[in-house]
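Start counting the sequence shown at 6; every next residue gets the next number (this note's numbering).
For each residue, glycine too, the CB sits at the ideal point set by N, CA and C.
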Amino acid sequence: MRNLLLALAALALIGVACERNTGEIGLDFVDQNSLKIGKLESLEVVATTEAFDSLVTEKPVYLMLGSYEDPVFGKAAANFATQVILSTMQPDFGENPTVDSVFMYLPFIGFYGDTAAPFGLTVKQLDQPIFADSTYYAHSVFSGSTVLADTVVQPQPSRKRRVPGMVAPNEVIGLRLNTAFFQSQIVDASSDSSADFSSNTNFLEYFRGIYVEGHADNQAIYQFSPGDQDMRIRFFFSNDSLRADTVGPGYSVYDLLAWNVVKSANTFAFDKTQADFDFDAQDTVAGELTTYVQGMGGAMTVVRLTGLQALKDSNYFVNYAELRIPVREGSALTYANPAKLTALLVSGNDRSLLTGYVNGDPGGQLVVSSPLRDRAYTLEITKFVQQWLNGKDSNEAKILLVPDRMSSSAARAVLNGNLDPFDPIRVDLYVTKPR
């Protein structure tokens with residue numbers, strides 16, 4: 006008899022998991038073999054918008070540079086600092102070496118904003134060391150006192166081009182740097198202070214790195230890939246031997262590497278005086294009509310699962326729980342939404358990824374539904390909800406929503422809050438309960 010009951014229960018659960026949302030708010034039970042099978046729709050939640058503090062930005066997936074003005078979110082700006090290291094130790098530049106030209110290559114990986122607008126940037130020698138054992142945040146401060154380049158370019162990120170010293174065309178910005186600086190600080194110094202060039206540890210104490218910042222009037226933020234080996238500073242030089250060679254090209258090259266073998270960090274800044282929302286005016290009791298998420302730590306949506314407390318002693322078993330986050334209609338006409346949201350759980354001052362509570366990917370992708378082209382993110386939160394109801398989870402009954410990879414992304418989204426009258430953010434629970 007016990008085996009029969011279990012088999013019938015399993016069949017019932019399959020039916021519930023595939024059930025379409027057609028009912029009203031409440032719990033509709035079907036009595037079947039001493040089990041109550043049903044769905045609790047739209048668990049009470051409260052959604053607000055908060056700033057995201059202490060975003061770690063060291064060793065980012067992408068380096069970010071530029072700024073843009075968003076009528077909804079205000080102004081966002083990104084700069085980056087990176088170490089550069091020797092491609093070979095104790096470089097030998099020959100007799101009477103002369104630096105002819107120097108280029109810094111920044112390989113594109115993405116962009117956000119108006120790429121047709123001119124783009125201004127400044128490259129400086131980094132004043133502060135980037136320590137291997139230090140943590141760097143979005144609000145960390147870097148500076149540079151020696152300007153190596155200050156220019157305006159037309160990036161054209163989708164166009165591959167061949168730049169000096171590169172074997173194959175790539176989507177890059179090629180910046181011409183100060184020749185005299187590299188003549189004195191690298192070529193001449195390599196013979197005058199050879200100990201600084203004997204190892205990369207010594208070199209990083211001597212040459213701390215590069216700081217790159219965008220001009221204030223930029224209209225886009227660009228992403229550059231430190232995983233691309235074209236991320237480097239390359240300079241062309243000649244010497245007595247090369248100049249006397251009538252067969253060869255008459256020059257040689259040397260690289261300072263800036264790809265993944267070094268440490269780097271993004272820094273971000275925001276001006277939200279003209280934004281549509283105010284962090285200090287959020288209603289944490291009733292919730293909000295609209296909430297917001299923004300990459301770079303600009304904003305996060307906080308979803309408080311206020312309805313869970315009432316179910317804590319209900320003895321429900323949660324078969325499936327889904328958080329559905331609709332995107333405000335018409336809000337992505339100029340600036341694209343993140344492809345995916347990441348969910349974080351909170352315990353005191355600690356945050357952890359929701360993925361630690363599920364086997365595999367909990368979702369979070371942006372889904373466009375036909376025929377109305379409605380946009381919404383969905384996240385499975387089954388295990389978290391069940392463990393919280395059972396008292397086995399010490400996290401608070403709330404979920405933080407942020408853009409995926411937000412330390413390397415400028416993407417933002419306007420979301421329907423819990424007070425939206427037509428399509429609010431909600432939690433759907435599929436539950437069973439014994440008699």
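The alpha helix (DSSP H) that contains K388, what's its start and end? 387 to 394
Going straight from the alpha carbon of A200 to that of P102, what length do you get? The alpha-carbon atoms of A200 and P102 are separated by roughly 19 Å.
Should M94 be labelled buried (16 or more other beta-carbon atoms within 10 Å of its own) or exposed? exposed
By DSSP, does Q190 sit in helix, in strand, or in coil? It is helical.
Determine, using beta-carbon pairs with one atom in the segment 278 to 287 and one in the segment 140 to 157, whether at least three such pairs fall under 8 Å. The segment 278 to 287 vs the segment 140 to 157: no contact.
Start-to-end residues for the alpha helix (DSSP H) that takes in G401: Position check: residue 401 holds Glu in this sequence, whereas Gly was assumed. Where E401 is concerned, there is no enclosing alpha helix (DSSP H), given that its DSSP letter is neither H nor E.
Going straight from the alpha carbon of T140 to that of E63, what length do you get? Rounded to the nearest angstrom, the two C-alpha atoms are 7 Å apart.
My understanding is that P112 touches D233, with C-beta atoms under 8 Å, so please give their C-beta distance in whole angstroms. 4 Å
For P134, I'd like the list of residues in its chain whose CB is within less than 6 Å of its CB, leaving aside the five on either flank, ordered along the chain. R213
Pairwise C-alpha distance: V66 and Q88: 15 Å
Check whether the Cβ atoms of G347 and V407 sit closer than 7 Å, and answer yes or no. In the sequence under discussion, the amino acid at residue 347 is Thr, which differs from the Gly named in the question. A contact, by the Cβ cut-off of 7 Å.
Distance, L394 Cα to D318 Cα: 7 Å
Let me confirm a value: G292 is counted as buried when at least 16 other C-beta atoms fall within 10 Å, else exposed. Which label applies? With 16 or more other Cβ atoms within 10 Å, it is buried.
Going by C-alpha to C-alpha distance, which of D193, V419, N207 sits closest to A341? V419
Expressed to the nearest angstrom, what Euclidean distance is found between the alpha-carbon atoms of F273 and Y227? When rounded, the distance between both Cα atoms is 13 Å.
Quick check: L91 and N205, are their CB atoms within less than 7 Å of each other? Cβ distance < 7 Å, so L91 and N205 count as in contact.
Sequence-distant residues of its chain with Cβ nearer than 7 Å to A416 (five each side left out): Y117, G300, A341, N342, P343, P408
What residue range does the beta strand (DSSP E) around F208 cover? No beta strand (DSSP E) contains F208, which is instead part of the alpha helix (DSSP H) from 205 to 211.
Beta-carbon spacing of R333, N223 below 7 Å: no
Nearest to I191 by CA position, among V258, A82, E49, is which residue? V258
Buried or exposed (CB count within 10 angstroms, at least 16 for buried), S269: buried
Please say whether V50 and K372 have beta carbons closer to each other than 7 Å? It should be pointed out that residue 372 corresponds to Val in this sequence rather than to Lys. No, they are not a contact pair.
Alpha-carbon spacing of H220 relative to D285, whole angstroms: 30 Å
Checking 7 Å against the spacing of the C-beta atoms, do Y256 and K129 come in under that value? no
Mark P160 as exposed unless 16 or more other C-beta atoms lie within 10 angstroms of its C-beta, in which case mark it buried. buried
Cβ shell of E218 (< 6 Å), same chain only, five flanking positions each side left out: N84, T127
Cβ pair S412, L60 closer than 7 Å: yes
Do the CB positions of L48 and L434 come within less than 7 Å of each other? Yes. Within cutoff.
Near R164, what residues of its chain come up, given a Cβ to Cβ distance below 8 Å and the 5 sequence neighbours on each side ignored? Exclusion of the five residues before and after R164 leaves E176 as the residues of its chain whose Cβ lies within less than 8 Å of its Cβ.
Going by C-alpha to C-alpha distance, which of P231, L247, A402, A326 sits closest to L384? A326
Contacting residues, own chain, Cβ-Cβ under 7 Å from N207 (five flanking each side not counted): Within the same chain, N207 has close Cβ partners A200, D201.
By Cβ distance below 7 Å, which residues in the same chain neighbour D155 in space, the five residues on each side in sequence not counted? Counting only Cβ-Cβ distances below 7 Å, and skipping sequence neighbours, we find T127.
Where does S414 fall in DSSP's three states? coil
Got a sec? Which residues, its chain only, sit under 7 Å from D425 by beta carbon, not counting five neighbours each side? L294
Does the Cβ of L209 have 16 or more other Cβ atoms within 10 Å, making it buried, or fewer, making it exposed? L209 comes out buried.
Going along the chain, which residues of its own chain have a beta-carbon closer than 8 Å to the beta-carbon of F242, five neighbours each way excluded? Closer than 8 Å at Cβ, skipping near neighbours: F98, P102, T103, V104, D105, V192, Y256, S257, V258, Y259.
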